[in-house]
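Undergrad: Here it is: the structure, laid out below.
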Amino acid sequence: MKLVFLSIYQPLIRITNTITSTEASDVNIPRSSAEAVYAQITADLEFAATLLPASYGNDASINKARATSGAAHALAAKAYAQQPNPDYDAVLNSIQAVESSSASYQLIPFNQLFSGNNYNNAESIIEVQYLGGNEGNFGPQLLLPPSISGDSWRKFVTPSVDLVDAFDSEDDTVRKNASILFESVQWVDEFWGNSQGTAIPFSYKWKNANGFASADNTYLIRYGDIVLLKAEALNETNQLQSAITEVNRIRTRAELPDLTDAQSNSQQVLRQTILKERRLELFQEGQRWDDLARYNLLVSTMNNLVEIDLRTGNQVNYNMTEAKTLLPIPQQELDRNPALEQNPL
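The sequence shown begins at 2 in the working numbering and counts up by one.
Here it is, written out as structure tokens:
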């Protein structure tokens with residue numbers, strides 16, 4: 002949770018001692034630096050990894066929703082990479098702990114990841130468990146097309162033309178077909194066709210809607226993510242050939258050829274290749290924002306995106322700024338704690 006808040010608010014208040022005072026002045030303190038908060042997060046995760054089991058075996062109870070030492074190490078790896086001054090040696094150490102776990106994480110066929118019938122598999126490190134009904138996942142109803150959701154209203158976060166082009170430029174049919182479903186709709190989509198009946202893409206990594214009560218789980222971290230993070234860390238520590246090997250593992254699973262020299266002939270080129278690979282591998286899994294933020298590419302990516310509104314023929318201007326990469330601190334929190342300073346607006 003701290004990592005999520007860091008992503009959207011940046012520096013947080015850090016209190017590590019037991020609070021015994023009832024005086025507001027004792028807890029109304031300024032935010033700590035991002036560096037200090039990340040240091041606390043990684044320390045907490047490293048400590049948690051020493052206490053958690055590698056797995057819960059075949060336990061079909063609620064334990065399958067609990068964190069393992071592998072999950073703690075994987076999350077630590079992501080925190081070390083995301084902190085203001087990434088520690089890629091620490092990233093590699095944490096990933097080594099993940100890969101040496103007796104949980105034996107491995108890559109499985111990509112379409113099996115998102116079939117809707119194969120959760121808690123060998124690639125899953127930690128995922129949100131849904132039971133359906135009152136304990137269901139409402140997300141698929143917001144994303145899936147009318148033929149699956151059973152409704153007729155416009156859906157959320159439909160894939161962009163730029164994203165679909167990225168899949169097609171690699172001839173990446175395995176991941177595209179498992180991740181995106183095209184369907185004709187009766188509403189007008191200004192990016193795909195300015196008329197009714199146009200086939201547009203929908204997010205398809207969840208297969209069952211069930212009226213806001215889906216039993217489809219959501220991966221928080223899976224091994225494919227960690228393999229590409231390992232490639233990133235190897236590249237950033239000047240181990241390019243080893244990084245290429247890791248990327249090719251993911252591409253082989255996607256039935257794509259190994260990286261060409263043009264895709265991997267320098268650290269900078271390979272960095273961009275890995276970033277694109279993560280985009281295609283992890284589409285709709287909540288990783289893209291952090292990936293772009295890690296390389297200070299949020300603003301430029303949004304502002305360089307070419308999207309044409311077919312109703313007008315004009316390019317959409319998102320006017321992205323650094324200030325817009327963070328949410329404002331809620332006013333009630335500022336009122337409660339005078340030591341807090343508002344994020345740039």
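Quick reminder that beta carbons are idealized off the backbone N, C-alpha and C, glycines included.
The structure displayed is predicted, hence computed values, not measured ones.
Whole angstroms is fine: what's the gap from residue 380's alpha carbon to residue 213's?
TA: The structure shown does not extend to residue 380, since the chain spans only 2 to 346, so no value can be given for it.
Undergrad: From which residue to which residue does the alpha helix (DSSP H) around residue 81 run?
TA: Here the question's residue 81 lines up with position 80 in the sequence shown. It spans 70-83 - the alpha helix (DSSP H) in which residue 81 sits, taken as one unbroken run.
Undergrad: State yes or no: is the C-beta of residue 296 within less than 8 angstroms of the C-beta of residue 283?
TA: Residue mapping note: residue 296 aligns to position 295 of the sequence shown, counting from 1. Residue mapping note: residue 283 aligns to position 282 of the sequence shown, counting from 1. Contact flag unset, no.
Undergrad: Between which two residues does the alpha helix (DSSP H) holding residue 141 run?
TA: As a position in the sequence shown, residue 141 is number 140, starting the count at 1. Start and end: 140-144.
Undergrad: If you draw a straight line from the C-alpha of residue 125 to the C-alpha of residue 267, how long is it?
TA: Within the sequence shown, numbered from 1, the residue matching residue 125 stands at position 124. Within the sequence shown, numbered from 1, the residue matching residue 267 stands at position 266. Near 32 angstroms, if we compare the C-alpha coordinates of residue 267 and residue 125.
Undergrad: Answer yes if the region 104-116 comes into contact with the region 162-173, meaning at least three C-beta pairs across the two stretches below 8 angstroms, and no otherwise.
TA: Cβ pair count under 8 angstroms is below three, so no.
Undergrad: Residue 53 to residue 310, Cα distance in whole Å?
TA: Your numbering for residue 53 matches position 52 in the sequence shown. Your numbering for residue 310 matches position 309 in the sequence shown. Taking the straight line joining both Cα atoms gives about 51 angstroms.
Undergrad: Confirm, please, whether the CB-CB distance from residue 78 to residue 227 is below 8 angstroms.
TA: Working through the sequence shown from its first residue, we reach residue 227 at position 226. Working through the sequence shown from its first residue, we reach residue 78 at position 77. For residue 227 and residue 78, yes; Cβs fall inside 8 angstroms.
Undergrad: From what residue to what residue does the alpha helix (DSSP H) around residue 35 run?
TA: Translated into the one-based positions of the sequence shown, residue 35 becomes position 34. Run containing residue 35: 35-52, per the alpha helix (DSSP H) assignment.
Undergrad: Using DSSP's beta-bridge definition, name the partner residues of residue 223.
TA: As a position in the sequence shown, residue 223 is number 222, starting the count at 1. In the DSSP output, where bridge partners are listed per residue, residue 223 has 125.
Undergrad: Check the C-beta distance from residue 285 over to residue 218 and give it rounded, since I have them as a contact under 8 angstroms.
TA: Along the sequence shown, one-based indexing puts residue 285 at 284. Along the sequence shown, one-based indexing puts residue 218 at 217. So it is not a contact: roughly 14 angstroms between Cβ atoms.
Undergrad: How about residue 82 and residue 233: are their beta carbons less than 8 angstroms apart?
TA: In the sequence shown, residue 82 corresponds to position 81, counting from 1. In the sequence shown, residue 233 corresponds to position 232, counting from 1. For residue 82 and residue 233, yes; Cβs fall inside 8 angstroms.
Undergrad: Just to check my reading of the structure: residue 168 and residue 281 have Cβ atoms closer than 8 angstroms, yes? What is that Cβ distance to the nearest angstrom?
TA: Mapped onto the sequence shown, residue 168 falls at position 167. Mapped onto the sequence shown, residue 281 falls at position 280. Going by Cβ atoms, the distance from residue 168 to residue 281 rounds to 6 angstroms, so yes, they are a contact pair.
Undergrad: Closest to residue 118 by C-alpha separation, out of 315, 209 and 290, would be which residue?
TA: Working through the sequence shown from its first residue, we reach residue 118 at position 117. Among 315, 209 and 290, the Cα nearest to that of residue 118 belongs to 209.
Undergrad: Terminal residues of the continuous alpha helix (DSSP H) containing residue 271?
TA: To locate residue 271, count along the sequence shown from 1; it is residue 270. Note, residue 271: alpha helix (DSSP H), 268-282.
Undergrad: Is the beta carbon of residue 102 less than 8 angstroms from the beta carbon of residue 71?
TA: The residue you call residue 102 lines up with position 101 of the sequence shown. The residue you call residue 71 lines up with position 70 of the sequence shown. Contact: yes.
Undergrad: Starting from residue 161 and walking both ways along the alpha helix (DSSP H), at which residues does that stretch end?
TA: Residue mapping note: residue 161 aligns to position 160 of the sequence shown, counting from 1. Looking at the DSSP string, residue 161 is not in any alpha helix (DSSP H), and its letter there is neither H nor E.
Undergrad: Can you tell me whether residue 217 is helix, strand or coil according to DSSP?
TA: Numbered from its first residue, the sequence shown carries residue 217 at position 216. Looking at residue 217 - three-state DSSP - the assignment turns out to be coil, as it is neither helix nor strand.
Undergrad: Is the region 229-249 touching the region 176-190 in the sense that three or more CB pairs, one from each, lie closer than 8 angstroms?
TA: No contact exists between the region 176-190 and the region 229-249.
Undergrad: Please report how far the alpha carbon of residue 89 lies from the alpha carbon of residue 197, in whole angstroms.
TA: Looking up residue 89 in the sequence shown gives position 88. Looking up residue 197 in the sequence shown gives position 196. Whole-angstrom Cα-Cα distance: 49 angstroms.
Undergrad: State buried or exposed for residue 312, treating a residue as buried only when at least 16 other CB atoms are found within 10 Å of its CB.
TA: In the sequence shown, counting from the first residue as 1, residue 312 sits at position 311. With fewer than 16 Cβ atoms within 10 Å of its Cβ, residue 312 is classed as exposed.
Undergrad: Excluding the five sequence neighbours on either side, which residues of its own chain have a C-beta within less than 8 angstroms of the C-beta of residue 294, listed in chain order?
TA: What you label residue 294 is simply residue 293 of the sequence shown in a count that begins at 1. Closer than 8 angstroms at Cβ, skipping near neighbours: 8, 83 and 326.
Undergrad: Does the Cβ of residue 290 have 16 or more other Cβ atoms within 10 Å, making it buried, or fewer, making it exposed?
TA: On the sequence shown, residue 290 is found 289 positions in, with the first residue counted as 1. Exposed.
Undergrad: What first and last residue would you give for the alpha helix (DSSP H) that runs through residue 182?
TA: Here residue 182 refers to the residue found at position 181 when the sequence shown is read from its first residue. Careful: residue 182 lies outside any alpha helix (DSSP H), inside the beta strand (DSSP E) at 181-185.
Undergrad: Let's see if you can read the secondary structure: which residues bound the alpha helix (DSSP H) around residue 147?
TA: Looking up residue 147 in the sequence shown gives position 146. Start and end: 147-150.
Undergrad: Which first and last residues belong to the beta strand (DSSP E) in which residue 204 is found?
TA: Position 203 of the sequence shown, counted from the start, is the residue given in the question as residue 204. Start and end: 200-204.
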